[in-house]
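Read the structure below first, then the notes.
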Amino acid sequence: MSTASLPASLIDEYAERFHRSRLLYERAGELFPNGVTHDARYLEPFPPYVEEARGSRKWTVEGHELVDWWSGHGALMFGHSDPDVVAAVQHQIERGTHPGACHRLELEWGELVQRLVPSVERLRFTSSGTEATMMALRLARMFTGKPKVLKFYGHFHGWNDFLIQGADPPFERNVPGLLDEVRQDTVLVPPNDIDAVVRALRTDQAIGCVILEPTGGHYGLVPTDETFLSDLRAVTAEAGVLLIFDEVITGFRVHPGGAQGRFGIRPDLSTFAKILAGGLPGGCVGGREDVLALLAFANRAGQKMPHPGTFNANPLSASAGITTLRKVADGQAAEQANRVARQLRIRLNELFARRSVRWVAYGRFSDFYIYPAASDVPEPRDYRWPPGARWHELATAVPAPLRYAFRLGMLLAGVDVPGLRGMSNAAHTEEDVERTVAAVDATLDRLHQAGML
Ligand SMILES: Cc1ncc(COP(=O)(O)O)c(C=O)c1O
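By the working numbering, the letter at position 179 of the sequence shown is numbered 243, and the numbering carries on one by one without gaps.
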């Protein structure tokens, strides 16, 4: 993809308004492949550079104020620099950032996770979500004695070797750099297809666990069917296969008890990160005591899974995590984030209906996705799934040029979105919603003028 396929007028205006970001990006090109430190932050012709962030807003190096729908890649439940989190981290930083020892905060942090998520009988902290999914798989392999994992197309579990295959389209592509043996141990099936799961578990006795993002791949780009989770729980229990909920995004976000709390399903293992650590790095695996026991010295199986990790349960992350988990416990933050996203989805569909555009905003929790290939103009209401669209179409609907052009248009109108989608948090307000709808309206004008609509 090159800027040649983006409208020149859009690029020129963006380059002028975000001139300081462009200079920084030139420096970045000498440092990082593509100039970025996370694939999702890549943008043609260059990404904006952010200097400061507070609440639902962030400010670029040029001083442009942006309504932010990244929510820290999902790590923020109370917006940027939540004063309570700032105070807790400031308090802790003067008392040591790494005691190289057990500390009281890790207990309080772990107890909060246990209290909020009843399936977490025991847990271990890691440094990231990717490490957590890596640990969950290794525990499952040891516990069941079976090497393979079953996962779903379009479900993302970090850049873990065993789980990156099939995370993004084109789904059948071999992700480079993986060992063939590793690739063979990942079994992929379509989302929401319980028959495909049953078939795979029947025909392949080497599958020891099933992992999924419980509300759907990429948080909900392809939403999980209402009945699928309970069917999956029943099918995995019957087959003696461990069920792993990857709640790295959904944990403490859709409900204080995560998706499992919201849907009343008890997985064998769960992985958490993001909100768990209150916007700082950190993750954990939690679940059945008999499975987590494999991390213990002299466990029953006499086979300990090694688990070091310099920053496991780091006290700074613990202080931010404790503060955040205490605040999510009453459920109000999840409700507010869900409410504001729903309001935005409805207002966007009103806009698309008014403009007779065949785009549909959909989602279920603190998320919104825009499907730009709807068969018809939407009704001005909320949608959980665009009518008539198949899962594969939802997962592949937004080509890179449209994604880049949309984001540039939105940035010029004072809003930052990670594509035709976004994630809300409890700091978002009605005013943010209205500003965003106006920005989408202005962006549609630009796309129309450029012949991209
Ligand atoms: C569902 C899910 N699992 C795992 C991960 C990986 O977490 P991390 O980025 O902390 O490694 C992510 C990251 O976005 C995620 O969304």
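Glycine residues also receive a C-beta, built at the ideal position from the N, C-alpha and C atoms.
Simplified DSSP state of H144, which is helix, strand or coil:
Here residue 144 refers to the residue found at position 80 when the sequence shown is read from its first residue. DSSP places H144 in strand when its eight states are reduced to three.
Inter-residue spacing [alpha-carbon to alpha-carbon] between H83 and V114
Your numbering for residue 83 matches position 19 in the sequence shown. Your numbering for residue 114 matches position 50 in the sequence shown. Straight-line Cα distance between these residues: approximately 13 Å.
Are the CB atoms of T493 and D148 nearer to each other than 7 Å?
Taking the sequence shown and counting its residues from 1, one reaches residue 493 at position 429. Taking the sequence shown and counting its residues from 1, one reaches residue 148 at position 84. No, Cβ-Cβ distance for T493 and D148 is not below 7 Å.
Residue from H137, K122 and D76 with nearest C-alpha to R105
Here residue 105 corresponds to residue number 41 of the sequence shown, with the count starting at 1. That would be H137, whose Cα lies nearest to the Cα of R105.
Do the segment 345-358 and the segment 193-204 meet, that is, are 3 or more Cβ pairs less than 8 Å apart?
yes
Residue from G347, G164 and M487 whose Cα sits closest to the Cα of V404
Stepping through the sequence shown from its first residue, residue 404 is reached at position 340. Of the listed residues, the one whose Cα sits closest to V404 is M487.
Sequence ranges, alpha helix (DSSP H) only - wholly within the segment 279-346, length at least 4:
292-303 and 322-327
Boundaries (first-last residue) of the beta strand (DSSP E) holding W449:
Indexing the sequence shown from 1 puts residue 449 at position 385. Here W449 belongs to no beta strand (DSSP E), and DSSP marks it neither H nor E.
Let me know if N378 comes out buried or exposed under the rule of 16 or more other beta-carbons within 10 Å of its beta-carbon.
In the sequence shown, residue 378 corresponds to position 314, counting from 1. The residue in question, N378, is buried, as its Cβ has 16 or more Cβ neighbours within 10 Å.
To the nearest angstrom, report how far apart G322 and T314 are at their CA atoms.
The count along the sequence shown starts at 1 and reaches residue 322 at position 258. The count along the sequence shown starts at 1 and reaches residue 314 at position 250. Distance between the alpha carbons of G322 and T314: 5 Å.
Excluding sequence positions up to five away, which residues of its chain have a Cβ less than 6 Å from the Cβ of L358?
Numbered from 1 along the sequence shown, position 294 holds the residue referred to as residue 358. L203, M206 and M369, listed in sequence order.
So, is P463 buried or exposed, given that buried needs 16 or more other C-beta atoms within 10 angstroms?
Indexing the sequence shown from 1 puts residue 463 at position 399. Looking at its Cβ environment, which holds fewer than 16 other Cβ atoms inside 10 Å, P463 is exposed.
Beta carbon of A461 nearer than 7 Å to that of Y426
In the sequence shown, residue 461 corresponds to position 397, counting from 1. In the sequence shown, residue 426 corresponds to position 362, counting from 1. Their beta carbons are not under 7 Å apart, which means A461 does not touch Y426 by this criterion.
Taking M516 as part of the alpha helix (DSSP H), name the residues at either end of that continuous run.
Position 452 of the sequence shown holds residue 516. Note, M516: premise wrong, no alpha helix (DSSP H); not H, not E.
Do V261 and V305 count as a contact pair if the criterion is CB distance below 7 Å?
As a position in the sequence shown, residue 305 is number 241, starting the count at 1. As a position in the sequence shown, residue 261 is number 197, starting the count at 1. In this structure, V261 does not lie closer than 7 Å to V305 by Cβ.
Could you say if the segment 254-269 and the segment 431-451 meet the contact criterion of at least three C-beta pairs nearer than 8 Å?
no
Nearest-angstrom beta carbon gap, H221 and L227 [assumed within contact, 8 Å]
Start at 1 with the first residue of the sequence shown, and residue 227 comes out as number 163. Start at 1 with the first residue of the sequence shown, and residue 221 comes out as number 157. That belief holds up - the Cβ atoms of L227 and H221 are roughly 4 Å apart, short of 8 Å.
Closer than 6 Å is what we want: which residues have a beta carbon that near any heavy atom of ligand 1? List them in chain order.
H137, S192, G193, T194, T197, F220, H221, G222, E277, D310, V312, I313, A337 and G347
Whose C-beta lies closer than 7 Å to the C-beta of E77 among residues of the same chain, with five residues either side of it excluded?
Position 13 of the sequence shown holds residue 77. Within the same chain, E77 has close Cβ partners L476.
For Q154, count neighbouring C-beta atoms within 10 Å of its own C-beta (all shown protein chains included) and say buried if the count is 16 or more, exposed if not.
For the purposes of this step, residue 154 is taken as residue 90 along the sequence shown, with counting starting at 1. So Q154 counts as exposed.
Measuring straight from C-alpha to C-alpha, what distance separates G99 and E172?
Taking the sequence shown and counting its residues from 1, one reaches residue 99 at position 35. Taking the sequence shown and counting its residues from 1, one reaches residue 172 at position 108. Cα-Cα distance, rounded: 39 Å.
Please return the same chain residues whose Cβ sits closer than 7 Å to the Cβ of L169, not counting the five positions on each side in sequence.
Position 105 of the sequence shown holds residue 169. Cβ neighbours of L169 beyond the five flanking positions: P379, A382, S383 and I386.
Applying the criterion that 16 or more other CB atoms from any shown protein chain within 10 Å of the CB defines a buried residue, is T250 buried or exposed?
For the purposes of this step, residue 250 is identified with residue 186 of the sequence shown, where counting begins at 1. Buried is the call here.
Within the segment 447-501, note down every full beta strand (DSSP E) run reaching 3 residues or more, in order along the chain.
Entirely contained in the segment 447-501, the beta strand (DSSP E) runs reaching 3 residues are, in chain order, 485-487.
Assuming the contact rule is C-beta atoms closer than 8 Å, Y468 and L107 should be a hit. Round their C-beta distance to whole Å, please.
Position 404 of the sequence shown, counted from the start, is the residue given in the question as residue 468. Position 43 of the sequence shown, counted from the start, is the residue given in the question as residue 107. Between L107 and Y468 the Cβ distance is about 6 Å, and since that is below 8 Å, they are a contact.
Could you tell me if C166 is buried or exposed, where buried requires 16 or more neighbouring beta carbons within 10 angstroms of its beta carbon?
Along the sequence shown, read from residue 1 onward, the residue named residue 166 stands at position 102. Flag for C166 reads exposed.
Check whether F327 and L293 have beta carbons under 7 Å apart
What you label residue 327 is simply residue 263 of the sequence shown in a count that begins at 1. What you label residue 293 is simply residue 229 of the sequence shown in a count that begins at 1. Closer than 7 Å, so yes.
How big is the Cα-Cα spacing for P482 and H512?
Here residue 482 corresponds to residue number 418 of the sequence shown, with the count starting at 1. Here residue 512 corresponds to residue number 448 of the sequence shown, with the count starting at 1. Approximately 21 Å between the Cα atoms of the pair.
Could you give the DSSP three-state label for F375: helix, strand or coil?
Against the sequence shown, residue 375 aligns to sequence position 311. Three-state result, F375: coil.
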